[in-house]
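These notes concern the structure reproduced below.
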Amino acid sequence: MLDFNLKGKVFVTCKDRSVSYLEKEVRELGFVPETVSRTGIELRATMEECMDLNLHLRTASHVLYEIKSFYLRNADDIYRRFKAIPWEDYLDVDGYFSVNSVAENESITTPLIVNVKVKDAIVDRFRELKGRRPDSGSDFNGLVFQVYWKETQCIVYINTSGDTLAKHGYRKIPGKAPMMEALAATTIYATEWNTRVPFINPMCGSGTLAIEAALMATKRYPGLYRDHYSFQHILGYDEQAFLAKKLKLESKIMELPDLKIVASDISLQAISFAQENAITAGVDHMIEFQVCDFAETEIPEKPRGVIMFNPEYGERLGENDELEITYKRMGDFLKQKCAGYRGYIFTGNLELAKKIGLKATRRMEFWNGTIDCRLLKYDLYEGKKEE
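When we follow full-length UniProt numbering, the leftmost residue of the sequence shown carries the number 1, and every step to the right adds one.
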């Protein structure tokens, strides 16, 4: 049985180009990173603290708790080395588990080979010790083991999250080409928006950016909307401790009566989807939804805040001609109607971005899936900019 109060090595993963925002979150929770890489942060934490990380982090993908690190030469050694690990300390014989792996070794042509050999080692050890074996499969409905193997160094983790933390649990209707919740939160962090000024989101689609802004402003954490994690299947897990943490999340919520968030879209269906998602998240009363062309979005004059677009990128043939006009109109709208605001446009098409017609004061790099994207910042000065 795992001691949930035993400190161990923990690796919190995130998308490439997002780690600085994850580091900020981790530090705000009281953890001190030992190593920061492009796709994650290594720190020391107990399994109890891993529960907190899973419940709070907005920009993370997974929280991995290390259980073993060893030399592994090639595929022929996998079964023997993994069968020696005391899996019965972590997994109930009547439980369910899955294995996921990332392998960079010349003896491996596909990670599936690693998954199969590790699963065989686990179930054979249980058969020998208990006379029966736990169930296993490819989904993340039970305890998840993660294997990282590079050259001859192999690390075995418990993936305490299970399914990715990038999905925050409230978005029941994703809409067209949605932005993942973790990416939405990351880009909002990048705007340095604070809750004392408006957050305006034209072309809101299914509402992810506006909803994430409301969640961040009122300290509603992702754990409020999710009830299943891999750590719940570890031997030693205390359900009452988990429920107490969920209650503590609820106590952190701060209502902000002066919060101003506006989300608009020309599609009535998109606004309906966004409203349904906001209701699920419990923030529908904080967002002013408008059905209109983006150029007709009502912009509060004071105080001036942040206006953020996430337009289409034009991935299909023939779309760019129409989108060139849209991108130019966005630039005109920012210049003519949003003076004093900080404007942001998130796009995966840098050729279309040239049509905006404004000079970006900053260009921040992100990945949206496999699409190379930029968050472009525009300082929209009132009158003539002073030199």
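In this text, a Cβ means the ideal position worked out from N, Cα and C, and glycines have one as well.
Within 10 angstroms of its Cβ, does residue i collect 16 or more other Cβ (buried), or is it exposed?
i: VAL32; result: exposed
i: CYS373; result: buried
i: SER107; result: exposed
i: HIS56; result: buried
i: GLY254; result: Before going further, note that residue 254 is Met rather than Gly in the sequence given. The residue in question, MET254, is exposed, as its Cβ has fewer than 16 Cβ neighbours within 10 Å.
i: SER69; result: exposed
i: LEU6; result: exposed
i: GLY137; result: exposed
i: residue 388; result: For residue 388 there is no data in the structure shown, the boundaries of the chain being 1 and 387.
i: GLY369; result: exposed
i: GLY30; result: exposed
i: ASN194; result: exposed
i: GLU382; result: exposed
Among the options, which one has its Cα closest to the Cα of residue i?
i: MET1; options: HIS233, LYS328, LEU334 and ALA278; result: HIS233
i: LYS248; options: ALA214, ALA263, THR280 and GLY223; result: GLY223
i: THR361; options: ALA263, LEU375, VAL291 and ALA45; result: LEU375
i: ASP227; options: PHE242, ASP238, LEU215 and LEU235; result: PHE242
i: VAL10; options: ASP89, ILE155 and THR191; result: ILE155
i: VAL262; options: ALA270, GLN269, SER251 and ILE200; result: ILE200
i: ILE122; options: MET47, VAL144, LEU268 and ASP258; result: VAL144
i: PRO111; options: ALA75, SER61 and MET47; result: ALA75
i: GLY236; options: VAL36, LYS219 and MET47; result: MET47
i: TRP367; options: LEU29, GLY30, TYR65 and MET179; result: MET179
i: ALA184; options: ARG81, THR195, LEU209 and LYS246; result: LEU209
i: ASP238; options: GLU49, SER61 and GLU88; result: GLU49
i: LYS231; options: ASP92, ARG196, ASP258 and GLN275; result: Correcting the residue type first, residue 231 is Phe in the shown sequence and not Lys. The option with the nearest alpha carbon to PHE231 is ASP92.
i: GLU66; options: ALA45, THR109 and ASN54; result: ALA45
i: LYS337; options: ILE307, LEU53 and GLY8; result: ILE307
Compute the beta-carbon to beta-carbon distance between residue i and residue j, rounded to the nearest angstrom, for a pair I have assumed lies under 8 Å.
i: ALA339; j: LEU380; result: 6 Å
i: ALA142; j: SER101; result: According to the sequence provided, residue 142 is Gly. The question's Ala does not apply to it. Rounded, the Cβ-Cβ distance is 17 Å, inconsistent with contact.
i: GLY131; j: GLY175; result: That pair is no contact at about 51 Å.
i: THR152; j: TYR71; result: 6 Å
i: ALA217; j: LEU256; result: 6 Å
i: VAL118; j: ILE78; result: 7 Å
i: VAL12; j: ILE41; result: 5 Å
i: TYR96; j: ASP120; result: The pair is not a contact, with the Cβ atoms about 16 Å apart (cut-off 8 Å).
i: ILE356; j: GLY331; result: 4 Å
Ordered along the chain, which non-local residues of its own chain (more than five positions away) have a Cβ less than 7 Å from that of residue i?
i: ILE325; result: none
i: GLY314; result: ASN320, LEU323, ASN349 and LEU352
i: ALA278; result: GLY207, ILE211, ASP284 and ILE287
i: ASP124; result: LYS83
i: ASP163; result: PHE140
i: MET203; result: ASP265, PHE294, PHE309, ASN310 and PRO311
i: GLU365; result: ARG17 and ARG374
i: ILE113; result: ALA75
Using a Cβ-Cβ cutoff of less than 6 Å, which residues in the same chain neighbour residue i once the five nearest sequence positions on both sides are dropped?
i: PRO198; result: LYS260, PRO300 and GLY305
i: TYR189; result: TYR21
i: ARG171; result: ASN277
i: THR186; result: SER18, TYR21 and THR59
i: ILE271; result: ASP265, PHE289 and VAL291
i: ALA182; result: THR59 and ALA166
i: PHE333; result: ALA295
i: LYS150; result: GLU104
i: TYR148; result: VAL102 and ILE155
i: THR35; result: GLU42
Can you give me the Cβ contacts of residue i inside the same chain, cut-off strictly under 8 Å, excluding the 5 residues immediately before and after it?
i: THR280; result: TYR170, ARG171, LYS172 and TYR225
i: LEU317; result: Caution is warranted here: a pLDDT of 49 is assigned to LEU317, below 50, making its placement in the model unreliable, and no coordinate value can be reported.
i: ARG127; result: ARG133
i: GLU386; result: The predicted position of GLU386 is uncertain, since its pLDDT is 43 and thus under 50; no value can be drawn from it.
i: ARG27; result: PRO33
i: LYS377; result: THR191, ARG342, GLY343, TYR344, ALA360, THR361, ARG362, ARG363 and MET364
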